[in-house]
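Q: Supplied in C-alpha cells, the structure appears directly below.
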Amino acid sequence: MKYYSKPEFEAIAQPSQVVLDMSTEAGFEFSSVADLEVVIVQSLLRSWHTNGIDKEADVQVEKAWTEIFNYGFNNANPDDDMTPLGILGPPGQGKTSVFSSAIKRIGKAMENRVLINPGEYVKVDKDDIVFRTIIMAGEVSNTVVSGVPQISPTVGVEKDVTRFAPPEYLAKLEDNRFSVIVVDDLLNAHSHIQNAMMDLIETRHFRSTYIGETAYTAFTGNLGAIDGTNVNKQSSALTNRARSMVTGDTPGDFCERAHRTYVEGRDDNFGTGFIIEFLVDNVERNPLLFYEGVDKKKNGPHTSSRSLEKLIRGLRDEMNDHDAALKAGARTEPIFMRFERIVPQYVGKTFTNKFLPYVQDLLTLARPVANELLEHGTLSEQTRAKFQNALASSDDVKVERLCLGLLRQLQSRVANDIFYGMQGIIPPAQRAVNPDLDEVSEKRLVSEGKTNAAKSLHAFCEACFGVGMINKGKQNLVMNAFVALTTELIEKSNNIAGAKTSMFGTLDSNKQPIASKAFFKGLVEVASKFDKSYKSGEAMTVVNQVKGKKVTALETCLIDPLSAVNESEKIAEEAAKLGIVT
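In terms of full-length UniProt numbering, the sequence shown opens at residue 1 and continues consecutively.
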C-alpha cells in the first residue's frame, strides 16, 4: 500500500487519461511510476541475491529488503536471474529517474554508497550501488557497448586474434555486487542496434563486454507516433524478452516526491514555488494541467513531471536570488515578473496561463507575510493591515487561496523549527555545517533551537489568530492547519532517529493526531495570547453556540480537534478495562 504524507496528495494520485489512452493504443499494460518503483526495488534485490554464493552480499540484500518492506526476503524461483524490465511511455514521465529513486532507497536501507553514472576516474568498490545509463537515441553503432576491436594473442591459438576492448564504464562493473544498467531510449536506436542490445539485456554479455553475474538490466523507450516521438521499427523479440509496460506519473505521486525533496527538512521557505499548492487545488478539475501530451505540430515546452521538476528548481533559484538581492539592498526585478518570465520556458501554455494568475497574490502578499513572521516572530502593523485589506475582498476563492497560501508557507518550516528545538536535536543541515562541535557549542545550538521553536510557534499562532482569518470565517482552514502541524510533528518524532516519540502525541487508527498533554498545553498557552488585547487577536472570538454555550475560535480550531480521541478507541479502551474483547 502506498503511503502519502498528506491526504490531499492521495486524492490526486490518479494517472493521466492521456497516458492511459496511449498505453491502450500501444497494447501494453499501464503501471504508475510509484508502483513501478516497488517492482524495481524487488527486482534489483532479487537479482543481487546469490543464494549463499556470496554471503556478505546476501546479508546486505536481506537487510535492505526487511528495512524497506517490513518482512523477510523471498524469491520463489530456483535462481536469481530476474527478467529484465522494458519501460515504455511518452517523454518526461520518469521512466529513467524511477531507477535512480529506487536505488537511492536501497542505498539508504543498505547504508551503501550510491553512484549514478560515475566518471572515468571514480573508483567503484564492490559494495557500491552503481546505476549506469547507456543513451541509445539515434545510435547507429554498437561500439558504445562492445568497445573497439584490437588485435591480441589468446590462449590456445597460435595467431593473434581480433578481440574487443570493453568500454571502461562497463568493464569496471564486472566485479561489482550491486549494479543496474538501463539502456535508455533503446527504441530510438536503429533496428540492428536494438537487436544487438538483446544479448546485453538478457545475458549481460555482448562480445567481450561482461557486466557481472548479478547486474540487473532494463531498457526504456518512447511510443513513436502515439506520443509524437521518433522511434525506429521495433522488434517484438525485444519486448518479449522483458517484463514490458507503459508507465506514467500521477500528480499525487509527483507532489509526494516534490514535498519530500524540497519541503521536508529544508531550512528555507522556497518550497516548490507553489507548484504543489497549484496542483492540489486545480488538477482534479483539470487533469491536463499535469500532462496534456505532446503537441506534434509545435516544438515548444510541454508540461510533464520532468518539466515541472525542472521548473521547481528554476523557481527556487529565482526566489533565492530575489531574496538575496533584497537583503543586500540591491535593486531587483519583482518576484512575480521573474515567474512570468521563466515559467513559459519550462512548461506548456495550459499550465502557464492558469498558474501565473493563481500565484500572483501568493507571491506578492502571502509569501512576504510568511517571511516576516518567520524572521521576526510577529507582523508589523503595516503588513498586518495590508493582509487584512486583501481579506476584505468579496472574491472568496481569492481569499481562501491567500489564507491557504500563508498557512502552507508556514507549516513545514515551523514544524522543522518546533520539532528540532523542542526535541533538543541539532538539525542535519546545521550538523553538516558544524561537524566537529564541542560540548559548549552543542549546548549553545540546542538553546538557540529552543528559542527559535518558541518564536516559530508564536508566528504560526499569529497567522491563525492574528491576521483576520477568523473574522473572514476561515475556521476550517485554521483548524486543518493545527491538525496538519501536529500530525507532521508526530510523524517526525516517529521517523527521525534519536527523537522522543511521544513528545507531541500519537496518531489514532485513522491517522488523526491526539496531542500530548504537554504539547497541547503549550499550544493553547501561546494561542490564547491572541485575544482582543493583542493587536487583531481572534482566538477568543465567538464563532458558534452549542446548547446555549458560546464556543470560541480557540476551542473550534485547536482545543476540540487536538484533544478528541477517536470514539471507537474510547470504546475499545473501556471494553479492555472490563475484560471484553472487541
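We treat Cβ as the ideally placed atom computed from N, Cα and C, and that holds for glycine.
Give the single residue among Val130, Glu120, Gly86 and Val124 whose Cα lies nearest to the Cα of Ile103.
A: The shortest Cα separation from Ile103 among Val130, Glu120, Gly86 and Val124 belongs to Val130.
Q: Answer yes or no: do Gly293 and Val18 have a C-beta to C-beta separation smaller than 8 Å?
A: Yes, the pair counts as a contact, with Cβ atoms nearer than the cut-off.
Q: Which runs of the alpha helix (DSSP H), 4 residues or longer, sit entirely within the stretch 405–472?
A: Fully enclosed alpha helix (DSSP H) runs of 4 or longer: 428–433 and 439–465.
Q: Leaving out five residues on either side along the sequence, give the residues of the same chain with a beta carbon under 7 Å from the beta carbon of Thr506.
A: Cβ within range, chain order: Ile490 and Ile514.
Q: When you compare the CB of Arg257 with every CB in chain B, is at least one pair closer than 8 Å?
A: No chain B is present in this structure, which holds just one protein chain.
Q: Quick one: measure Cβ to Cβ for Leu457 and Ile418, integer angstroms, because I've assumed they're closer than 8 Å.
A: That belief holds up - the Cβ atoms of Leu457 and Ile418 are roughly 6 Å apart, short of 8 Å.
Q: Lys529 to Thr552, Cα distance in whole Å?
A: Using only the alpha carbons, I get a separation of about 14 Å.
Q: Just the Cα atoms here: how many angstroms apart are Glu488 and Arg132?
A: Roughly 36 Å between the two C-alpha positions.
Q: Out of Ile335, Ala328 and Val347, state which residue places its alpha-carbon closest to the alpha-carbon of Lys310.
A: Selected option, being the one with the closest Cα: Val347.
Q: Here's the rule I'm using: 16 or more other beta-carbon atoms within 10 Å means buried, otherwise exposed. How should Val542 be labelled?
A: Val542 is exposed by the Cβ-count criterion.
Q: Do you know whose CA, among Ala463, Gly548, Asn494 and Leu44, lies nearest Ser536's CA?
A: Ranking Ala463, Gly548, Asn494 and Leu44 by Cα distance to Ser536 puts Ala463 first.
Q: Would you check if there are 3 or more beta carbon pairs closer than 8 Å linking the stretch 39–53 to the stretch 321–334?
A: In short, these stretches do not touch, since the Cβ pair count stays below three.
Q: Here's a check: name, in chain order, each residue in its chain whose Cβ is nearer than 6 Å to the Cβ of Lys455, leaving out the five neighbours to either side.
A: Around Lys455: Gly377.
Q: What separation, rounded to the nearest whole angstrom, lies between the Cα atoms of Pro428 and Phe28?
A: The alpha-carbon atoms of Pro428 and Phe28 are separated by roughly 44 Å.
Q: My guess is that Glu67 and Ala11 are in contact by the Cβ rule of under 8 Å, so how many angstroms apart are they, rounded?
A: Rounded, the Cβ-Cβ distance is 29 Å, inconsistent with contact.
Q: Can you tell me whether DSSP reads Phe274 as helix, strand or coil?
A: Reduced to three states, the DSSP call for Phe274 is coil.
Q: Can Val124 and Ile40 be called in contact, C-beta distance under 8 Å?
A: In this structure, Ile40 does not lie closer than 8 Å to Val124 by Cβ.
Q: Starting from the C-beta of Val526, find all residues in its chain whose C-beta is less than 7 Å away, skip the five residues before and the five after it, and write them out in chain order.
A: Same-chain partners within the cutoff: Leu457, His458 and Cys461.
Q: By DSSP, does Lys55 sit in helix, in strand, or in coil?
A: Lys55 falls in the helix class under three-state DSSP.
Q: Rounded to whole angstroms, how far is the Cβ of Thr247 from the Cβ of Leu36, which I believe are closer than 8 Å?
A: Sure, about 5 Å apart at Cβ, within 8 Å.
Q: Here's the rule: buried if 16 or more other CB atoms are within 10 angstroms of the residue's CB, otherwise exposed. What is Glu439?
A: Classification for Glu439: exposed.
Q: Suppose you measure from the CA of Asn77 to the CA of Ala64; what does that come to, to the nearest Å?
A: Going by the C-alpha atoms only, they are around 20 Å apart.
Q: Can you tell me whether Thr506 is helix, strand or coil according to DSSP?
A: Strand at Thr506.
Q: Just to confirm my understanding: we take Leu410, look at its own chain, exclude 5 residues before and 5 after, and list those with CB closer than 6 Å. What are they?
A: Once the five neighbours on either side are set aside, the close Cβ partners of Leu410 are Ala370, Phe460 and Ala463.
Q: What separation, rounded to the nearest whole angstrom, lies between the Cα atoms of Thr582 and Gln512?
A: Residue placement at Thr582 is flagged as unreliable, the pLDDT there being 45, under the threshold of 50; a coordinate-derived value is accordingly withheld.
Q: At which residues does the beta strand (DSSP E) containing Ile87 begin and terminate?
A: Element bounds for Ile87: Leu85 to Leu88.
Q: State the DSSP-derived secondary structure class of Ser244, mapped to helix, strand or coil.
A: Strand.
Q: Answer with buried or exposed for Arg431, where buried requires no fewer than 16 other C-beta atoms within 10 angstroms of its C-beta.
A: Looking at its Cβ environment, which holds fewer than 16 other Cβ atoms inside 10 Å, Arg431 is exposed.
Q: Which value, in whole angstroms, describes the spacing of the CA atoms of Leu44 and Asn112?
A: Taking the straight line joining both Cα atoms gives about 15 Å.
Q: Compare the C-alpha of Leu20 against each of Val467, Leu223 and Met136 and name the closest.
A: Ranking the options by Cα distance to Leu20, first place goes to Leu223.
Q: For Ile12, which three-state DSSP category applies?
A: In this structure, Ile12 counts as coil in the three-state DSSP scheme.
Q: Output the distance between the C-alpha atoms of Asn416 and Arg266, rounded to the nearest integer angstrom.
A: Rounded to whole angstroms, Asn416 to Arg266 spans 8 Å at the Cα level.
Q: Rounding to the nearest angstrom, what Cα-Cα distance links Leu88 and Gln545 in this structure?
A: Rounded to whole angstroms, Leu88 to Gln545 spans 59 Å at the Cα level.
Q: With DSSP run on the structure shown, which of helix, strand or coil describes Asn480?
A: Asn480: helix per DSSP, three-state reduction.
Q: Quick check: the stretch 346–366 against the stretch 399–409, are at least 3 beta-carbon pairs closer than 8 Å?
A: Judged by Cβ distances under 8 Å, the stretch 399–409 makes contact with the stretch 346–366, as three or more pairs qualify.
Q: If distances are taken between C-alpha atoms only, which option among Arg413, Asn117, Pro561 and Asn495 comes closest to Leu477?
A: The residue with the shortest Cα to Cα distance from Leu477 is Pro561.
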